[in-house]
Structure formats: structure tokens, C-alpha cells
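Residue numbers (my numbering), protein chains in the order written: chain A, 1 to 876; chain B, 877 to 1752. Using N, Cα and C, we set each Cβ at its ideal position, and we do this for glycine too. What you are looking at is a predicted structure, and each value in this text was computed from that prediction instead of being measured. Heads up, the thing below is written out as C-alpha cells.
2 protein chains.
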Amino acid sequence: MAVKYVYTFSEGNGKLKELLGGKGANLAEMTNLGMPVPKGFTITTEACTRYYDDGETIAPEIEEDIYKFLADLEARTGKKFGDKVNPLLVSVRSGARASMPGMMDTILNLGINAEVAELLAKKSGNPRWAYDCYRRFIQMYSDVVMEVGKKHFEELIDAMKEKRGVSQDVDLTADDLKELAGQFKAEYKLATGAEFPSEPREQLIGAVRAVFRSWNNDRAKVYRRQNDIPASWGTAVNVQEMVFGNLGNTSGTGVAFTRNPATGEKVLFGEFLMNAQGEDVVAGIRTPQSIEQLAQVIPEAYAEFVTICDKLEKHYRDMQDMEFTIEDRKLFMLQTRNGKRTAAAALKIAFDLLDDGIINEQEAVLMIDAKSLDHLLHPQFDASALARAAAIGTGLAASPGAASGQAVFTAEDAKKWADSGKKVVLVRLETSPEDIEGMAAAEGILTVRGGMTSHAAVVARGMGACCVAGCGEIKMNEKAKTFTLGGKTYKEGDVISIDGNTGCIYDGAIPTVPAAITGNFERLLALSDKYRRLSVRTNADTPKDAKQARKFGAQGIGLCRTEHMFFDADRIPAIREMICADTKEAREKALAKLEPMQQSDFEGIYEAMEGLPVTIRFLDPPLHEFLPKEDAEIALLAKDLGKSVEAVREIIESLHEQNPMMGHRGCRLAVTYPEIAEMQTRAVIKAALAVQKKHPDWSVVPEIMIPLIGELKEFKFVKNYVVATADKLIAEAGSDLHYKVGTMMEIPRACLTADAIAAEAEFFSFGTNDLTQMTFGFSRDDAGKFLDYYYKTQIYESDPFARLDTTGVGKLVEMGVSLGRGVRPDLKIGICGEHGGDPSSVEFCDKTGLDYVSCSPFRVPIARLAAAQSQLKLKK
Amino acid sequence: MAVKYVYTFSEGNGKLKELLGGKGANLAEMTNLGMPVPKGFTITTEACTRYYDDGETIAPEIEEDIYKFLADLEARTGKKFGDKVNPLLVSVRSGARASMPGMMDTILNLGINAEVAELLAKKSGNPRWAYDCYRRFIQMYSDVVMEVGKKHFEELIDAMKEKRGVSQDVDLTADDLKELAGQFKAEYKLATGAEFPSEPREQLIGAVRAVFRSWNNDRAKVYRRQNDIPASWGTAVNVQEMVFGNLGNTSGTGVAFTRNPATGEKVLFGEFLMNAQGEDVVAGIRTPQSIEQLAQVIPEAYAEFVTICDKLEKHYRDMQDMEFTIEDRKLFMLQTRNGKRTAAAALKIAFDLLDDGIINEQEAVLMIDAKSLDHLLHPQFDASALARAAAIGTGLAASPGAASGQAVFTAEDAKKWADSGKKVVLVRLETSPEDIEGMAAAEGILTVRGGMTSHAAVVARGMGACCVAGCGEIKMNEKAKTFTLGGKTYKEGDVISIDGNTGCIYDGAIPTVPAAITGNFERLLALSDKYRRLSVRTNADTPKDAKQARKFGAQGIGLCRTEHMFFDADRIPAIREMICADTKEAREKALAKLEPMQQSDFEGIYEAMEGLPVTIRFLDPPLHEFLPKEDAEIALLAKDLGKSVEAVREIIESLHEQNPMMGHRGCRLAVTYPEIAEMQTRAVIKAALAVQKKHPDWSVVPEIMIPLIGELKEFKFVKNYVVATADKLIAEAGSDLHYKVGTMMEIPRACLTADAIAAEAEFFSFGTNDLTQMTFGFSRDDAGKFLDYYYKTQIYESDPFARLDTTGVGKLVEMGVSLGRGVRPDLKIGICGEHGGDPSSVEFCDKTGLDYVSCSPFRVPIARLAAAQSQLKLKK
């Protein structure tokens, strides 16, 4: 059977979005509901896919189909393309499966040419309208189909207005517009070397081709990546009889929402413009009127519109975003779709609809974009102040929130300035673990290098701090403590602002408003908990983070990184002493200094978690990360250790690695220095014993997690030390404390041999950051240099460090789960990479049968919602 | 059924090596053949495994079994442990499945104590013998079981000899020996705090325990790793009635081979010592006599021995290595095993046996250790000169061969000195691609850092150059151009020698002899070709390497690394210009300079290969590898490019990567700069067209290999550029040249998604170096720091970069093969990592169904033999 590439509106319906695109499906649905929709047909998304499969050409059979449906449209409207009596004009609009506002192209008034324009001028007695249509068509067609003239056409219009001494387009006469049309055609010929096409059928195929092509324009690609829309979907094309909002003062065009998209308030919200067409309303040519005023201007159209709004919202059971045109007092609906909204509005709308009995709980939960909850958790820039500010540059929106402060260039300065009461933004080439204190002290962090999972981004999200990362436009001079951006050089102390929601950077201060968490937020999360299967834990290294996460609903700690504790100023000397030790004894002496500090950290965390599970990962980073880099610091360390500067330098040099990510770290540290694992075990177990004793009603069960395991024997080797140490302490205390020893699954080989490892490991936690690095073979620190090219060429459509790659990395996770559970059916399995807070990744974890996800505190609410949505989708 | 842990010799046979160990099985076999073997029994390897499973204790049931078989032995010999009339003495010897000479422990004369010694002295009328046995037992038992006194005991013997004014042990009297026994026991008590055990049963269990324990001593572990023997095998223990070579001048002990193990010549080869026991022959206490002389000393024993030798060799159908003892003119056989031999001897023996009709072709092929062929391909140090030299240090035997020369410290110096006719050894902390020319010019390469697959090792093996890598003992002062080793500081120009077969480093020059390739070598390879299924290709980057490899039998090039060509002095300026280009146009201009050079390289390679397949890998390393590091060079480059030094520094800085191994390299370069792939395609295709035209009878089919692919779309993106460029050139030339575009499988994700990739890739070549790095998550440059610990703790038993990890990496290879062939059944699949020349890895590749392996030229013969052995094993 031949594929059907074209559908009339009455053949389609609202469920056929995949085939007809959102716009086409909804035009069909409105047609079927008996609403006033201009007649037309939709060329399917399959035709678009075919277009790309055929090397960007429209197959003859599709062209034939289009002409067949055009003939049908001509029959139904009683008009004909290029007809001498009753010529047909149409609009050609893109419409993808998911709404992508403004991303692709539209052409109005197609079918017009010099003869048709003259005929329409005569026939209508409204030559101004006829030539307005004509010049608009030439403008849009040239821009969209041939990519010429847009800017120059605007200049020609401005020149004409100046010549005529008028300021508004509507004040130009028919003759002016006719003259402009002539100028446009000349311009077109100059740019393309060809005559402007006057044959309507040729115009139509050109326009369809242009819409298909626009699916792959740069802004569409970026939008798709930001919104997880696959390139394979393609766009549909809607061809529709024109209705005219530019026929005069009884005509107009407008857009409206059934509710306020910023607040969710249930009130009609929109704008319209009389004697206008298409984009005029949003283009700001004239100031539009607010939608209520339509009641005065064309009362009968307003009344009908209000009725339709109500009907559409009830029909779609969601807030609608609509386009309409009034042609000589008669209302036509050109589009309806579920409207975009802020997170706060989304919550209000969902619960209003739920409370009105229009949707049920499950639908309310599914209605909220989980990612958008992030915006509710951080302070924001004041919207009106933001509207008046111009960004001086843009980086990655790495961690949401808003920050204004004085630029400082080192973590120490950040700490020092903040301690003296100043607000600072820490500007760095990139951050490292040593910068932690300074990062915590700063209002926000701005980095030149690094991606969405760079150290700065990960730590900032963990802290709930605002961060803009990887702003490559910045020219940094670290020595001089200055940077140049947007043509201006900023010195230490100069005030800048950064927006973690958009990645924008501003000169000077912008006032912020605190995050508004309404009751609906709590209500949503309670509903989510009702429907989800997955547990949600948090990644937290301090009692403060742990408490924050519990407020957000964390059910335990899935990842407590012990090394972060080592960077504190009072601890780093001991860890450095340990690293520089020449003998096991010297190393143990230094470790003995760290032990009580670690123990007290863990006690604090157990206290904060009140008996909920806590997974503690043993020392992970390469040791050189703890050593100083600056001459002065090295000299100081040498003095502390009673060694020569040269000896300390030799140690630092000997720890240098070509590829530290793949070096001497993780469990490899415990294999070479088992005394580190012994010390950490003592700290964990002694803390647990102490807290359990203090709170006999809690159930303190430490989960010790060995990182970077790639082989069973490696795990067993470290586990033996842990168990020997722990069992001795527990026996000495006369306690029956339970504890678990498990592994981080972050090395491909661990997943490939998970059956062997599960024989010894009591739990698995997928560390998908490292697992993604190893599976793809690129480091997150370095991938920034080429990933942009990968997005541009659509080799990758999303950042694998932000959204779990279910095809490759996911396959290893699935192998790990099935091999592991094959040996140990009750194996507890979680994920503690950055992906634990990403909704699509949470959905994958849910489907794959994981027990929990663990994410940074500020992502816990997102994970709770995403987990519920995953279950609801599975059950659908 | 209870496990049988002990076997008498007559219960066993030569096939039970896994259970009884080599020694035990062969003692059983000789017993069954009716040869004179002292009576005894074997405790199985399973008992050893059980010993370790039980936490290094001997289970009561095993102890019981031992006592049961001891009682049986007592009954059969008519002697008893500790008996007042006829006391039993036994030897306790280790015996693993594979022969591990000198690695584990032996105890003789067990069962003796003061009373027994006195009884034996009286009964035999030979008190000197009795007390010699006694003191020997105390010595061995103390050393082996309690690990005390070895050195001190020797000192006590020396003191006694001095006191008595004699120089030889045999000149000590019975009283002297009795006195020594007393001194030994006192020493034992001092060291252990306990009396020396006099109870024979206690002695026996202690000795068995000591043998089990010796399975895991350090030298055994190292030997196992070098010889691919798994730790899980364990050792058996042989308990055997003593026969005495130290009874006087009609007794003696000796060792012999049925053929010369150095040359393979068919002549009895060995030594003996009269009035001696155990290790005396090899310990060098007295100078032993050569085996023929035994015909004069004890003619009847010699005659019997010659008969037995002949019988054993015919029975085992291999050269035998035997131990014997003569007790009062009567011959006893204590051991036989297939003898170790040099590679040259192995070849001669195999073909002599084949020609004598004792073995068949298949057996001859299986008889040769494939790895050992390496030794036949490189010049060697003169053995007698080597015997007189003492090593000043040891590194890794990274690439075989022998080199003497003046030490130089930079690649440039190596080149310069060599050009002026000097022989040099290049000494570096580590080498990098820039050093290639200097490495090629040097006699040998010595590095301080890096493992068996470090840059130095890989490149040296590729070149067939001698290399000792990773000699951490060296203290290097690069600036001063000196290094210190073995207590001496070597300056530039000082002569040193390095042995790539042993890793030893010597002061001064040692003369070399050229490699001896006899006719047997060719004969073996011809036989191998008859029985193998796998093709063998080579990794070669130059016509010279290609020709060398063809001489060794390479059937094509499996990996031609194009980047090595870029490091030539006349090319590096163009590649640097390309890297520093600001625009695509500037980049293309620089590439245009490289194109004719690359084309002529490829022409040379096609010519050398005469129509055999050639796989060319496109540019792989990160670009910063091509940029200079030294100030002077940077200044020069800036001048060449007409840029400021600062600008060039900025470019170098901008290319810096945290983890270059996981950075902007491989196909990622082609994705960001497709013009590089286009240039390389033009060079490949134009060269192929030219050579095909010149040699119409050849079939030139270039195989273009895209490195570091992790995703189908990435491959397709690069392939599109390749195909467009190639097809245009071929069409323009009016040729029907065929070419293939395939991918290197070296990223885990490529293996996981091999079905998708195989839809586009026309061949796969597993790059197991990188695949091993990514699968294990460690870089071969950095792993040296901790892999030693991993070997010591037996977490890993072999270097995964030298021997393919079939469990983890192998699983990915298998997935790649089965997913790939599932989509494209005729998919050509090879391997081009270092593993392509490792026999056990070749066997894995054969089993997994690969079409070919590719390895460095000097490993081609090894791969040919290994491939044949794999097929013969599969068919067995």
C-alpha cells in the first residue's frame, strides 16, 4: 500500500500528532469540533523524514499528492491558484510533533503574483490590502525559501515610510506598497539572479521544501537539544486557505492563553492588533491591545472567542495557547496548543484543573515538567530589572539561581572578601576541589572552561549555588586578576551578575527576589510520593547538605564523598603528611590524625539523617589533587614536614599523571595503601556505634562503598580489610551493628563482570559520570572542545553527562543489573551520578529496576516527581 | 564421596598432572614403567587449594589421609618413622602442574632426629653420612618451614671448615657435622624460641604446610605472571623414601638432559657429583663432573641411566630433564620432565623428533613456545661475555635484543651522534612521539618510566629495537644530562649496555652476536601456515617496516598509523601550520602541503605490499602532541607562522587537556576538521590510483580506518566526507578502484552498539590497547604506579596490556563480533592492538572468529605460529 503523505484537516484528529505535527493535529481536532477553521490540509512528518532520506529532495509521488490535495482544496473553497476570477491564497506553516515556537518557518499569502494582486485589488475594492498581501508574500518567501533580503527589505520599508513622512506600516498607501513590491522583486533578482516566481504551484513546492529544510536550521537544532526532541521526528507542513486580518479596521489578528502563563491565574491572557497579519502582533510594529479590549472593538467575535477558549480548555484539559484572525468581523481559529508556562504557573494550573475535577491526580502529576521545578528552588533576578539589562556574554546555565557580586579571581579571595561581608562572584578558568570553600562563600561561580558536569557545575548544583560555566568568550588574565568580556575589561572588585537559569552574564548588579515556594509545590511532591516506586536519596558530604536534602524529601544518602572533608584548612595538613609519608608507619601516624575528624563528620551526618541509610564512598581522587601547586605553599609544606623543598617537589612530580582520570585513584589507593581504607572503616564504624548508642531507636546501618572497582578480586581485597577492621570494632563494643560493603559501578569492566562482583558486593551504585566517560572514551573536562561540533552535526543530540545515554551506557547498566541480580536476587541497586537528578535518566533507572536514585539536594524534588511520572507512564 | 587427597605413585600416571603436579605424575609414570623410583606418595594440588580455601590450614581429614599413606609407605618399605631399628627418612618436594624450577621448596632427610642419627651412624657404620643427613635436614627445615637461619647456617659451616682447616664440605668429619647439627639447633631455638622438632610426624606436616605456603612466595608469583600460570592451580607435594647420594664414594647425585638444551643437539647433557645430596650439584660447592664421566666412575649405573634416558624420551616423545641419585652403585630416578630449552634448541629438537618419526607435524608445531621465537629475531649479547658482567640495574624487558652504546639524553642528540657514526643508547625519563627519529637512530632505548606498552616499548618493538623500560631505580637529571644507577653516575657519552631479553643494564660495552635464524625456523613457519585459519597482518607505518614484515610473512598491513609520518622534520612545520590555522582556508592551505607527502608515503607502502591489503588509520593523536614544548622551538614556530610568541603560546595552552587519552583525538579531529579527513582520503586514493595504474596485475584495495568511533552517526559523518572525496577522484580518473571504509573498535560504546555501526562500517579492527584502557578505566601511561601492587596481591596475574583480558575486554570483543556479524554476516574483523602478537590473545582471536590479527613486524612469526597452535588445540 502506498504511504499516505497528505491529510485534509477533516481526515485528521488531535491524537495524530506524530504524523500531522501538533499544529496539524489540533487544526484537524478544531475542525472536527465544528470550530471556525480555514480549510486546508497537512503534509505529514513522514514526508519530511522521506525528504531527508532522499537527500533533501521532495519525491515525485509526494509532489503529486500535494497537488491532488491542492485540487481538492480548490474544489472545497471554490477558489483556484492563479485564477482570473477567484484566486486562492494559502498559508504554509510548519508544525512539529512537539511545539517549537518560533523555531521554524511560515509563509503567508502564497499564490499571489502581480496579476492576482491587481485582480484582488479590483475585486475587493481594497487595493491597499491586496498590495500589502503581495509585498508581505515576497518578503517572507524571499527570506524563508531563498534566504535573501530580510534585513534589506526592512530598510526599503523604512525608506518608503521616511519618503512618505509616516511612521506606521498601516499609513502606507496601496501605491506605496505596490512600489515596495516592485523594489522587493528587483532585490530578489539581484540576490538570486532569477525572477521572483510568479507561478503559485512553484511557490507552493518551494515553500514546502523550505519548511522541511527549516527543521535543521541552527536555532531548531539548539532548541531540540535543550528540549530533548529527536532529530528523527521531522516537521509536518500545514497548507491552509488564507483568512485576512489586514482587510481593514474590522479585521485583525491576535494570540491568547486561556490562563496567565506566568502565574497560572484563571483569566484570559492575550493581545491583538487590528488591520494586521501574522507576526505583526509579536513583532512590535504597533503596540497591540490586550485581549479584553476586543470586547469593545468586535464584541461578537470576542464572545465567540471566549466560548471557544472555554470549550478548547475543557476539551484538551489543559491551558491553551491560541492564534486567531478576524476577517471582516468573522473569527477564525488558526492554532491551539497546550501553552508554555512557568513552573509556578504549571503547578497552579494543574491543581486548579484537579480541584475543578477536570483532570485526575495522575494527570496532574504528569502535567508538570520535572526539570522546571529547579526554577522554584533558587532565588531569581527580578524580571523587570532583567528586562532592562543587556547580557555581556553567555555561558552554560550550569546551576540555576541568580547572583550579583564583586568579581574575585581566587577561592581564597572569595573566602576573604565574603568573610569581610562582601558579596562576590568567583570567576575562574575552571575550579578544582581546593576551591570548595571559596565556592561556598561566593554568591555565584563563573568559569571559562568546563561543561554541564564540570567540577564547578557539579559542586555548584550540589551546593544549590548559582553557576555559569564554560563561557569561552571570556579572555582571562589570572595573574592580573582581570577578564575581558563584551569588549570591557573587568578588574577584581567590579560588580557583575550571572543568571544560572539562562547562562547570561551582566555588567553591574541586578536585584534578586527570593524563590517562591507555594503550597502547590508541597502538594505536588506528596502526590509524587504516592505514585512512585523508586526511592530518592541524595548526594551529600556534610550535615548541612544532608539536612537541606531531607527538607527536600531525601530518603537517605546515596553518596557521601569522604574526600571533600579533607580539603578543609584544618585537615589538609594531615592528608598532605599522609601522602608525603615515606613509610607505612609514617602514613598511619598521619591517618591517625584524620581519623577523629572523619569520625566526627560521620557522626554529624548520621545525626542529620536520623537512622536513614547513608552510603559512604571511600577516598576516590588521585592524591596529587591534595598537594599544593604554588611555590609558597610548597615551601610551607616542606617546612611542616621537615623535608627539603626539593624532596616535596619530587613527591609532587612523582605523583604527576598523564591522565589522572584513569590513574591512581579510587580503590587503587586502597590496594596500594590499605591503611587508608582501615582508617576510613574505623571512622565510619566508630561513628555509627556512637550514634546508634545515643539513639537506640534509630537503625544505623552504614553502607561502605568502594569506588572504581573493575574486578572481583580487587573488591575482595579491599573488603577483607574493611570487614576485619569493622568486625573487630563491633565485637569490642559488644554491639550488633550491621553494615554493608558494596561497590560503585563506574568502570565498564565492573558491569561486564557484575555476576562475579555481586558474589561479594552487598550493593551496587552506578557512578554514571565515570561510566559515561569510560564508555564514550572522553573526559568530561576535555569533551567541551569538541562536543559543540557533535551537537551542531547532530551526532549527539544531548549531553551524555547530563542525560544518560541509554543506548551505550544504559546497556552496561542493564548488564550490571541483570548479571548482578542473577547471582544475588535481592541486590540493592542505585545510581549516584549526576544523572540521578535528570528526569529522563530517572525514568530509565525506574524501568531498569533500580531501587533508588541519588542526586544533589536541590534535585531531590525533581527526582521524586520524575520517578512518579515514570511509573504513571509505565502503567499507561 | 570423600575427596581423595593422596595417591601412591602406583595409583597415579603421567596424565594426572593437574591433580598430582608434573613431578608427581611423572614419578607415577616412571614407577608404572618399572623404572627404579624410590617409593612414595603424592598429596594433590586439590589439597593445596583446600589449604588456601581453609585460611592456610591443613584440614584434619587431609592430615588423616597423609598419615594413612605414610603408614602404607612404612609397610611397603619395612621402615618406620622414628623406628629404633629401621627408621624411615623421606624427601618432601613440591611439584606444580607446570614446571616452575627453583620456585618452591624441597626438604630432604625428613624423619631424622638425634636418636635416629645415632642409630643410622651405628647401623650403617657411616657416621659421617648419618650426621651429614642430620645437619642438612635441620638446615633445610629451618629455612623452608620456619624461614630462619639460612645465611647464618652457611656461616657456621664456613667457620667449622676454617677451624678444621679444610675447604670442602666432604672433608668435614662425622663429629664436625654432629657439632654443626648442635649449633644449628641452638640457632633455631634462638630464632624461634622453640626446640627444633624431633617428632617425625610433626616434621612431616610442617614440611607439607611449608610447601603449600611456598606456592605464594614472591618469586613464585613473579614466575607465574611471566609464564601465564594461574594462582588457582596450586602445587602438589611428593613424599618419597630417601635414597642417599651422600653415602660415600660409590654414591652420588646428578641432573641431565636427553639433548643439549642450548642447541638441541642429540647428545646426553648433564652433570653429577659423587658423595653429594640434593642441590649440591647446582649449588657449586664442588665442581661437578660431566655426565659422560659417569661411565668411568660407575659404569653399570651409567649404562642403566642411558637406557632409561632413551626409554623416557621415546615414551614422552620430547627431550627430558632428569634428576637421579646413585646409592651405593644403584641408580634411582627422582624426576623427569620435558626440559626447558632455548628457542633454537626447541626448533632443532622438534624437527629432529619429527624427522625421526617420533612425533607428527601437528605435535611439532605445538611443541614450540610461540613467545620464544622473539629471541631468534634480534641480535644477542655474547653469552660468555655476559656471564662475566654484573648488571647495575634492571628494568622491564620491553623489547628483545641487545645494545651497547654511549648514553645520550635527548632524541636530537641520539640522531646527531648516530649521524656522526657513534653508537648510542637513548636514555629518557619516558619517550614521546617527537622522539621517533632519535629512537630509530639509537642502538637501544632505556627509560625510567613506563610499562610494557609504554610509548618506548611499543615503538621499540615495532622497530625491532632493543628496549629496557621503566627502570625506576635510575635517578635522572635531564638538565645535567646524567643519571645515577648502581651507585655510579653516568654522563653523556659514557658507554652502557642493555639487554632487552632480560631487562638488565650493564656498565660498559658487551659484544653482541647476530641473530641466528636456522632453516628450522622457516620450516616451522611453513608448517604453521599449513595449519592456521587466521590471517596475520602487520602494523607498519613505513615502506621499510612493511618490507621487513613481508619477509616475516605478513599477509597485509592491519594498521598503518598516518601520524607517525607527520613527525618527520620536513613535515612537522606543515602540520604545525595546520594546527595553528585560524580559518578553514588557512588549514586547507597547510593540509595541501602535507597531501603530496602523504600520497608518496602511501605509494611507497602499496609498492612494498605488492597488492596485499593495506589498512590506513586516519589521524589519531591529540593535536598538541605535534606542537613544540621548548621556548626556543616555540619562538621558531612563531616566526615561521608570522605570529607572536604569545599567540602561539595561547594556541598551545588552548589545546592543553586534562586527560589527553580521553580528549580531542581520533575521529573527533575529523568531526571538527573534516578537511583533515578529506586530505587524507585524497592522499590514500591518489596513491592507490597511481600504484594500481603502474601495476595493473595487482589488486590495490585501500582500507580506510576511522579511529575512536563510539557512535554510528559519528562514523557516518566522517564516512560521508571520505566517500564523497574518494568517489570524485576515482570517477575523475576513470578508474574502477575499490576501497573500504571501516572502523577501529576501541571505545566500549562501539562494541556495545556494534550492530548499528556494522550497518555502515565495511570492516572492524579491534584496537585493544585503547579498549583495554577504557574497559579497565586506567591509562597505560599511569597504571605502572599501581599495577605492581596488583600483581603482588594477585588481583591481576598478568598485564592486561600485554595479554588480552578475555573476561572483560574479551566480552566486549565478543559482543562486537556477534552484533556486527548479526547485521553484516561477511564483516571482515581483525585486531590491531599490541595483543595481536601475544600467543594467548591470538588464540582468543581465533576462537572468537576474527579474520586476522595484526602485530608489529617482529611479532609476525609469533602470530603465525600461535594461530596454528590455536587451531590445532581447537581440533584436539
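I want to verify the contact list: residues of chain B whose CB lies under 7 angstroms from the CB of residue i, in sequence order.
i: A/E657; result: D1658
i: A/K811; result: L1628
i: A/T447; result: Result: empty, since nearest Cβ-Cβ is about 14 angstroms, beyond 7 angstroms.
If distances are taken between C-alpha atoms only, which option among the options comes closest to residue i?
i: A/G519; options: A/I308, A/L110, A/F81, A/A344; result: A/A344
i: B/E1071; options: B/N989, B/I1451, B/A1083, B/A1468; result: B/N989
i: A/L331; options: A/L354, A/L347, A/V297; result: A/V297
i: B/L1809; options: B/V1617, B/R1100, B/A1739, B/L1048; result: Outside the shown range of chain B, which is 877 to 1752, sits residue 1809 of chain B, and nothing can be said about it.
i: A/L959; options: A/Y5, A/L33, A/M30; result: No answer is possible for residue 959 of chain A: it lies beyond the span of chain A, which begins at 1 and ends at 876.
i: A/A262; options: A/G245, A/E327, A/R341; result: A/R341
i: B/H1711; options: B/F1677, B/T1183, B/D1034, B/E1471; result: B/F1677
i: B/D1714; options: B/G1725, B/M1691, B/D1681; result: B/D1681
i: A/T336; options: A/T173, A/V408, A/E29; result: A/E29
i: A/T394; options: A/I358, A/T793, A/G500; result: A/G500
List the whole-angstrom C-beta distance separating residue i from residue j, where the pair is believed to meet the contact cut-off of C-beta under 8 angstroms.
i: A/Y131; j: A/K178; result: 5 angstroms
i: A/F764; j: A/L827; result: 6 angstroms
i: B/A1743; j: B/V1412; result: 6 angstroms
i: B/V1020; j: B/T1068; result: The Cβ separation is near 13 angstroms, so there is no contact.
i: A/L591; j: A/I676; result: 7 angstroms
i: B/A1265; j: B/I1167; result: That belief does not hold up - the Cβ atoms of B/A1265 and B/I1167 are roughly 29 angstroms apart, past 8 angstroms.
i: A/I436; j: A/F567; result: 5 angstroms
Which residues of chain A have a Cβ atom closer than 7 angstroms to the Cβ of residue i, listed in chain order?
i: B/F1593; result: T793, I795
i: B/R1544; result: F786
i: B/S1655; result: Q658, N659, M662, G663
Output, in chain order, the set of chain A residues within a Cβ distance shorter than 8 angstroms of residue i.
i: B/E1590; result: Y790, I795
i: B/T1601; result: Simply none; closest approach about 17 angstroms.
i: B/M1650; result: P748, M774, T775, G777
Which residues in chain C have a C-beta closer than 8 angstroms to the C-beta of residue i? List them in chain order.
i: A/K189; result: The structure shown has no chain C; the protein chains it does contain are A and B.
In chain B, what lies closer than 8 angstroms to residue i by C-beta?
i: A/G808; result: G1586, E1587, P1624, R1625, L1628, T1629
So residue i contacts chain B; which residues on that side make the cut at Cβ distance below 9 angstroms?
i: A/T484; result: By Cβ distance, chain B contributes nothing, its closest Cβ being about 14 angstroms from A/T484, past 9 angstroms.
The segment 228-236 of chain A touching the segment 37-56 of chain A, judged by at least three CB pairs closer than 8 angstroms: Yes, they touch.
At least three beta-carbon pairs within less than 8 angstroms, the segment 691-710 of chain A to the segment 615-625 of chain A: Contact between the segment 691-710 of chain A and the segment 615-625 of chain A is present, with at least three C-beta pairs closer than 8 angstroms.
The segment 546-566 of chain A touching the segment 639-655 of chain A, judged by at least three CB pairs closer than 8 angstroms: Contact between the segment 546-566 of chain A and the segment 639-655 of chain A is absent: fewer than 3 CB-CB pairs across the two stretches fall below 8 angstroms.
The segment 1-10 of chain A touching the segment 18-34 of chain A, judged by at least three CB pairs closer than 8 angstroms: Segment contact: the segment 1-10 of chain A against the segment 18-34 of chain A, three or more CB-CB distances shorter than 8 angstroms; contact assigned.
Sufficient close CB pairs (3 or more, under 8 angstroms) joining the segment 1701-1720 of chain B to the segment 1622-1641 of chain B: In short, these stretches touch, since the Cβ pair count reaches three.
Selection of the segment 630-664 of chain A by Cβ proximity to chain B, strictly under 8 angstroms: Residues passing the 8 angstroms Cβ filter: E657, Q658, N659, P660, M661, M662, G663, H664.
Chain B contacts made by the segment 668-682 of chain A, where a contact means CB separation under 8 angstroms: Of all residues in the segment 668-682 of chain A, R668, V671, T672 have a Cβ within less than 8 angstroms of some Cβ in chain B.
Sufficient close CB pairs (3 or more, under 8 angstroms) joining the segment 1592-1609 of chain B to the segment 1646-1656 of chain B: No, the segment 1592-1609 of chain B does not touch the segment 1646-1656 of chain B.
Cβ contact check for the segment 1251-1263 of chain B and the segment 1369-1389 of chain B: 3 or more pairs under 8 angstroms: Yes, the segment 1251-1263 of chain B is in contact with the segment 1369-1389 of chain B.
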